[in-house]
Amino acid sequence: MSHFALCRWKACSRPSLTFLFNGRLQLRVARFSSPATQAKVEVLGQQFPTDDFTNIKPAILRKVSAQLHLKHAHPLNTLRKLIESAYPDFTHAATISPLVTPFKNFDELSFPLDHPGRAKTDSYYVNRDMMLRTHTSAHEVEMFRKGETKWLLTADVYRRDEIDASHYPIFHQVEGAQIFTADAAGMREVEADNERLAGILASAHIAIEDTPHVSPANPVQPEHDPVFAELVAKNLKLSLNNLMLTLFGGVQGISKENPLRVRWIESYFPFTSPSFEVEVYFQDEWLEILGCGVVIQATLNTAGVPNKIGWAFGLGLERIAMVLFSIPDIRMFWSEDERFLSQFEDGKITSFKPYSKYPSCFKDVSFWVSQGNTLHENDICDLVRDVAGDLVEDVKRIDHFVHPKTQRTSLCYRIHYRSMDSSLSNEEVNVIQDQVISRLQEHFDVEIR
Ligand code: PHE
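Just so we're aligned: the sequence shown equals residues 1 to 449 in full-length UniProt numbering.
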């Protein structure tokens, strides 16, 4: 689970390994110098000075302009459009740059100064003053400030994280929000909308496990009239229950006897109260879909609309697309392989038919770290990603112990490599693994065992 309560590439880019020459696989390991050691780093055509916060790597930089959510017939694009179709009268934004200030990503949204999301180990910093957004909520204030009262915003977001089939350092979110005037007329508008939405749900095959709109642990904000806050929270829930119907109501097997199951859970976000998470029961599992809540009034005050009250939600696209399109590995969204891309039609949800899976190969690396070394698991994952690109499938720590005499820590990581579009030989993987090892030694002061 990530710090946001919700956890959560190949346009114009090549993996750091390329296979060339008339049919025979040849390996070329691209050697990138770490941008932190250079005076400047270029992101989306703009030059930025680097500093002690710079941790953005070429593997990420090559993908910041991909905009998969706008790529014709791409599953993420189809899913974006499906969500937009559930909110036809909302403004739909989808081209906002991922470069934001930490102030915008965190402070403007009332994140405390010691929030773990701010750490260099969790987020990608261009430098102390500029970062890649970690969530689409970073644009709430700017959207409200522009006078938008109901909007959706789809964008790529970036988080340093573990590596496995469902985690990737870049993913996509849709943020949605609606605000109303905090007076009797505004609340009549909410009530009318609630009636309309409840009417649609009444005849749909949906079973909702609700949680109270407000509770002592999930309170109304002191600035809010409790009656207004309840009405707005109810509007949020009705609106999202309808969105769940749009997304999952059409899947096979949903009927009166076997309705779509949606469950509401109390949650916490620094920028909403009350806050909730929504889960959907799908293929015998509760699937985490989104986080949401009544917008913290400070956000609306900062945006210059203090007389408004409203809700916001943020939903990750990849996980939903993985189940709707039966895509088994999150790396596939970044595939440029025609066997992947040609399977999808613009605007249509179809099941992906896996083509042959190439064998995987794992390598272990064990090393000592001295006491006080700040090496973080996300640093290791980032390093492996930077050397191996999308050839890395999974990174897991398989051993950890502290030497009783020297107090040094020994760690062992198992790295699974697999190419999605060709076979990797042991030799090739060894070259990658050697690069991983030498980078570990170079950058993190570890002693390989
Ligand atoms: N930004 C949150 C996340 O990344 C989701 C969220 C959006 C929660 C809006 C509440 C309101 O997980």
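We put the beta carbon where it would ideally sit given N, CA and C, even for glycine. The structure displayed is predicted, hence computed values, not measured ones.
**Asked** Is any heavy atom of ligand 1 found at a distance shorter than 7 Å from the C-beta of residue 123?
**Response** Within the sequence shown, residue 123 is the residue found at index 123, counting from 1. Result no, Cβ not under 7 Å from ligand 1.
**Asked** Going by beta carbon distance, what residues of the same chain come within less than 7 Å of residue 228, once the five residues before and after it are set aside?
**Response** Looking up residue 228 in the sequence shown gives position 228. For residue 228, where only same-chain residues beyond five positions count, the Cβ hits under 7 Å are 182, 187, 309.
**Item:** Inter-stretch contact at 8 Å, needing at least 3 Cβ pairs: the region 264-283 / the region 343-351
**Value:** no
**Message:** If you measure between the beta carbons of residue 395 and residue 162, is that distance less than 8 Å?
**Reply:** Stepping through the sequence shown from its first residue, residue 395 is reached at position 395. Stepping through the sequence shown from its first residue, residue 162 is reached at position 162. A contact, by the Cβ cut-off of 8 Å.
**Message:** Suppose you measure from the CA of residue 399 to the CA of residue 409; what does that come to, to the nearest Å?
**Reply:** The residue you call residue 399 lines up with position 399 of the sequence shown. The residue you call residue 409 lines up with position 409 of the sequence shown. Those two C-alpha atoms are separated by around 10 Å.
**Message:** Does residue 253 come out as helix, strand or coil in the three-state DSSP assignment?
**Reply:** Taking the first residue of the sequence shown as 1, we reach residue 253 at position 253. Looking at residue 253 - three-state DSSP - the assignment turns out to be coil, as it is neither helix nor strand.
**Message:** What does the alpha-carbon distance come out to for the pair residue 363 and residue 233?
**Reply:** Mapped onto the sequence shown, residue 363 falls at position 363. Mapped onto the sequence shown, residue 233 falls at position 233. Cα-Cα distance, rounded: 50 Å.
**Message:** If the criterion is Cβ atoms closer than 8 Å, does the pair residue 68 and residue 333 meet it?
**Reply:** For the purposes of this step, residue 68 is identified with residue 68 of the sequence shown, where counting begins at 1. For the purposes of this step, residue 333 is identified with residue 333 of the sequence shown, where counting begins at 1. Yes, the pair counts as a contact, with Cβ atoms nearer than the cut-off.
**Coarse secondary structure for residue 293, derived from DSSP in three states** = Counted from its first residue, the sequence shown places residue 293 at position 293. Of the three classes helix, strand and coil, the one that applies to residue 293 here is strand, per DSSP.
**Asked** Taking just the CA atoms, how far does residue 292 sit from residue 259?
**Response** Locating residue 259 in the sequence shown gives position 259, counting from the first residue. Locating residue 292 in the sequence shown gives position 292, counting from the first residue. Looking at the two C-alpha atoms, the distance is approximately 23 Å.
**Request:** Please name the residue or residues paired with residue 418 in a DSSP beta bridge.
**Result:** Start at 1 with the first residue of the sequence shown, and residue 418 comes out as number 418. In the DSSP output, where bridge partners are listed per residue, residue 418 has none listed.
**Message:** I'd like the list of long-range same chain contacts for residue 164, defined as Cβ closer than 7 Å, with 5 residues on each side in sequence excluded.
**Reply:** Looking up residue 164 in the sequence shown gives position 164. Contacts found: 394.
**Request:** Go ahead and pull the three-state DSSP assignment for residue 269.
**Result:** Along the sequence shown, one-based indexing puts residue 269 at 269. Strand at residue 269.
**Request:** Count the other CB atoms, across all protein chains shown, that sit within 10 Å of the CB of residue 274; report buried if there are 16 or more and exposed otherwise.
**Result:** The residue given as residue 274 occupies position 274 in the sequence shown. Buried, because 16 or more other Cβ atoms sit within 10 Å of the Cβ of residue 274.
**Request:** Output the boundary residues of the alpha helix (DSSP H) element that contains residue 199.
**Result:** Along the sequence shown, read from residue 1 onward, the residue named residue 199 stands at position 199. From DSSP, the alpha helix (DSSP H) with residue 199 extends over 184-202.
**Asked** So what does residue 49 bridge to, in DSSP terms?
**Response** Locating residue 49 in the sequence shown gives position 49, counting from the first residue. Answer is 40, bridged to residue 49.
**Asked** Taking 7 Å as the line, does the beta carbon of residue 269 fall inside it for any heavy atom of ligand 1?
**Response** Within the sequence shown, the letter at position 269 stands for residue 269. Yes.
**Proximity test, residue 272 beta-carbon vs ligand 1 heavy atom, cut-off 7 Å** = Here residue 272 corresponds to residue number 272 of the sequence shown, with the count starting at 1. Yes, ligand 1 has a heavy atom inside 7 Å of this Cβ.
**Prompt:** Would you say residue 270 and residue 109 are within 8 Å of each other, going by their C-beta atoms?
**Reply:** If you number the sequence shown from 1, residue 270 lands on position 270. If you number the sequence shown from 1, residue 109 lands on position 109. For residue 270 and residue 109, yes; Cβs fall inside 8 Å.
**Item:** residue 245 versus 281, 107, 213, 49, residue with shortest Cα-Cα distance
**Value:** Along the sequence shown, read from residue 1 onward, the residue named residue 245 stands at position 245. Out of 281, 107, 213, 49, 281 has the C-alpha closest to the C-alpha of residue 245.
**Asked** Should residue 293 be counted as a contact of ligand 1 given a C-beta to heavy atom distance under 7 Å?
**Response** Position 293 of the sequence shown holds residue 293. Flag set: Cβ of residue 293 near ligand 1.
**Request:** Identify every run of the alpha helix (DSSP H) within the UniProt domain "FDX-ACB" (356-449), keeping only runs that are complete inside it and at least 4 residues long; order them along the chain.
**Result:** 377-388, 426-444
**Asked** With residue 303 and residue 144 assumed to form a contact (beta carbons below 8 Å), what rounded beta-carbon distance in angstroms separates them?
**Response** Indexing the sequence shown from 1 puts residue 303 at position 303. Indexing the sequence shown from 1 puts residue 144 at position 144. About 4 Å separates the two Cβ atoms, so the contact holds.
**Message:** To the nearest angstrom, how far is the alpha carbon of residue 223 from that of residue 176?
**Reply:** To locate residue 223, count along the sequence shown from 1; it is residue 223. To locate residue 176, count along the sequence shown from 1; it is residue 176. Approximately 22 Å between the Cα atoms of the pair.
**Request:** Please report the residue range of the alpha helix (DSSP H) in which residue 244 lies.
**Result:** Indexing the sequence shown from 1 puts residue 244 at position 244. Its alpha helix (DSSP H) spans residues 226-248.
**Item:** Close Cβ partners of residue 358 (< 8 Å) along its chain, the five nearest in sequence each way excluded
**Value:** Along the sequence shown, read from residue 1 onward, the residue named residue 358 stands at position 358. The answer, listed in chain order, is 418, 419, 420, 421, 422, 423, 424.
**Message:** Closest to residue 339 by C-alpha separation, out of 41, 353, 283, 371, would be which residue?
**Reply:** As a first step, residue 339 must be located in the sequence shown, where it is residue number 339. Checked all of 41, 353, 283, 371; the closest Cα to residue 339 is 353.
**Item:** DSSP bridge partner residues for residue 311 (one or two, in chain order)
**Value:** Taking the sequence shown and counting its residues from 1, the one referred to as residue 311 is at position 311. In DSSP, residue 311 forms a bridge with 178, 294.
**Item:** Contact the region 48-66 vs the region 307-324: 3+ CB pairs below 8 Å
**Value:** no
**Item:** Inside the region 299-348 only - beta strand (DSSP E) runs reaching at least 3 residues
**Value:** 308-316
**Message:** Quick check on residue 28: buried or exposed, where buried means 16 or more other Cβ atoms within 10 Å of its Cβ?
**Reply:** Within the sequence shown, numbered from 1, the residue matching residue 28 stands at position 28. Unreliable positioning characterises residue 28 in this predicted model, as indicated by a pLDDT of 33, which lies under 50. The coordinate reading is nonetheless provided below. Label assigned to residue 28: exposed.
**Request:** Since I believe residue 125 is in contact with residue 56 (beta carbons under 8 Å), could you give me their beta-carbon distance rounded to a whole number of angstroms?
**Result:** Counted from its first residue, the sequence shown places residue 56 at position 56. Counted from its first residue, the sequence shown places residue 125 at position 125. Right, their Cβ atoms sit about 7 Å apart.
**Item:** Range of the contiguous alpha helix (DSSP H) that encloses residue 78
**Value:** Position 78 of the sequence shown, counting from 1, holds the residue named residue 78. Residue 78 -> alpha helix (DSSP H) spans 75-85.
**Prompt:** Is residue 220 helix, strand or coil by DSSP?
**Reply:** For this step, residue 220 is matched to residue 220 along the sequence shown. If DSSP states are grouped into helix, strand and coil, residue 220 belongs with coil.
**Message:** Going by DSSP, what residue range makes up the alpha helix (DSSP H) through residue 208?
**Reply:** As a working note, residue 208 is residue 208 in the sequence shown. From DSSP, residue 208 is part of no alpha helix (DSSP H) but of the beta strand (DSSP E) over 206-209.
**Prompt:** What number of angstroms, rounded off, separates the C-alpha of residue 413 from the C-alpha of residue 133?
**Reply:** Here residue 413 refers to the residue found at position 413 when the sequence shown is read from its first residue. Here residue 133 refers to the residue found at position 133 when the sequence shown is read from its first residue. Those two C-alpha atoms are separated by around 29 Å.
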